[in-house]
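Under the numbering used here, the first residue of the sequence shown is numbered -13, with each subsequent residue one higher.
Using N, Cα and C, we set each Cβ at its ideal position, and we do this for glycine too.
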Amino acid sequence: MNLHEYQSKQLFARYGIPVPAGFVASNGAEAADAARKLGGAKWVVKAQVHAGGRGKAGGVKLVDSPEAASEAAVAMLGRRLHTKQTGPEGLPIHQVFVEQGSKIDRELYVSLVLNRDKSHIAFIVSEAGGMDIEEVAEHTPEKLVRVNVHPAAGLQDSQCRVMGFGLGLKGDQIKQFTKIAQALYKLYLECDCSLVEVNPLIVTGDKLVALDAKINIEDNALFRQKELLAWRDPSQEDEVERVAAEAELNYVSLDGDIACMVNGAGLAMATMDLVKYYGGEPANFLDIGGSSNP
-13 MNLHEYQSKQ
-3 LFARYGIPVP
7 AGFVASNGAE
17 AADAARKLGG
27 AKWVVKAQVH
37 AGGRGKAGGV
47 KLVDSPEAAS
57 EAAVAMLGRR
67 LHTKQTGPEG
77 LPIHQVFVEQ
87 GSKIDRELYV
97 SLVLNRDKSH
107 IAFIVSEAGG
117 MDIEEVAEHT
127 PEKLVRVNVH
137 PAAGLQDSQC
147 RVMGFGLGLK
157 GDQIKQFTKI
167 AQALYKLYLE
177 CDCSLVEVNP
187 LIVTGDKLVA
197 LDAKINIEDN
207 ALFRQKELLA
217 WRDPSQEDEV
227 ERVAAEAELN
237 YVSLDGDIAC
247 MVNGAGLAMA
257 TMDLVKYYGG
267 EPANFLDIGG
277 SSNP
């Protein structure tokens, strides 16, 4: 289950991770009011959808007045945002997040994922954060620093320093990063996350601030994450996949035109391979279980 940026930042703040002040808005008037409450001279209006790449798709706007914040919100709300991660149909924008503008000296990247090969939690960090991190990972993977954390030992301060030096941080910035990394690790464990991502973690003056936040919660752990489950936004989910999940079916929508209904995940994958081999395109992955009994 994915969380919106503003929800992820609520969790960040709860765990002591520095984030800019901001408010959620559902219309232009609320966006303007949010800018006035925040004060300052510049604000950022961000479309709230479950997808990355918002900046390149026009889903992030820098404004310099409450009136401009209202105009930016009105231009986004009620529309669908199309990014590389949304597919051709895009995702609906029902809310925007208005937050204080930040002076950005450097953009860094930090994420936590599960390393299934080692059964460890992996930190992936890079000093080349920002909108082009996917290109960085593809074309210059040497700019990524990976640190595996053994679950029995936990995250060590020495590992945080290794990552901090890899990010080009110095002095007190290393101490700040250590606190942030430890907080991210604690959040990842306690909230049953499958992904925690900060892109960018910015250097602004002598401070580190999480300018963006992305959190995915492991679906199989939602039974013990009641508060987070209440934050679910069905409008951001594929309707067919949502209905299938409620029926406890393993279903994934695809772009083809040949439907597949199969008993067992292994046979389902083999069936899709055969469809592709003979020139077809599967419309879905569907494992209805190991039994043929309807």
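- Can you give me the Cβ contacts of residue 74 inside the same chain, cut-off strictly under 8 Å, excluding the 5 residues immediately before and after it? 68
- Anyone know if the C-beta pair for residue 78 and residue 92 falls short of 8 Å? no
- Item | Extent of the continuous beta strand (DSSP E) to which residue 181 belongs | 179 to 190
- Message: At the level of alpha carbons, what is the spacing between residue 233 and residue 226?
- Response: 11 Å
- Between 172, 171, 150, which lies nearest to residue 162 when the distance is taken from Cα to Cα? 150
- Query: Is it the case that the Cβ atoms of residue 190 and residue 88 are separated by a distance below 8 Å?
  - Reply: yes
- Task: Work out the CA separation of residue 41 and residue 26 for me, nearest whole Å.
- Result: 22 Å
- Query: Which ranges does the beta strand (DSSP E) cover as unbroken runs of at least 3 residues, wholly within the region 126 to 205, from first to last along the chain?
  - Reply: 130 to 135, 179 to 190, 193 to 196, 200 to 203
- Task: Output the distance between the C-alpha atoms of residue 118 and residue 124, rounded to the nearest integer angstrom.
- Result: 10 Å
- Task: Would you check if the distance between the CB atom of residue 272 and the CB atom of residue 247 is smaller than 8 Å?
- Result: yes
- Identity of the residues DSSP links to residue 100 by a beta bridge: 107
- Message: Looking at residue 166: is its Cβ nearer than 8 Å to the Cβ of residue -11?
- Response: no
- Query: Exposed or buried, which one is residue 107 when buried takes at least 16 other CB atoms within 10 Å?
  - Reply: buried
- Query: Do the region 257 to 270 and the region 233 to 244 meet, that is, are 3 or more Cβ pairs less than 8 Å apart?
  - Reply: yes
- Message: Using CA atoms only, rank isn't needed, just tell me which of 36, 3, 58 is closest to residue 29.
- Response: 58
- Message: Based on DSSP bridge pairs, tell me the residues matched to residue 78.
- Response: 66
- Message: Using CA atoms only, rank isn't needed, just tell me which of 236, 183, 217, 143 is closest to residue 115.
- Response: 183
- C-beta atoms of residue 203 and residue 221 nearer than 8 Å: no
- Check residue 248 in the structure and name its three-state DSSP category. strand
- Message: DSSP three-state label for residue 18, please.
- Response: helix
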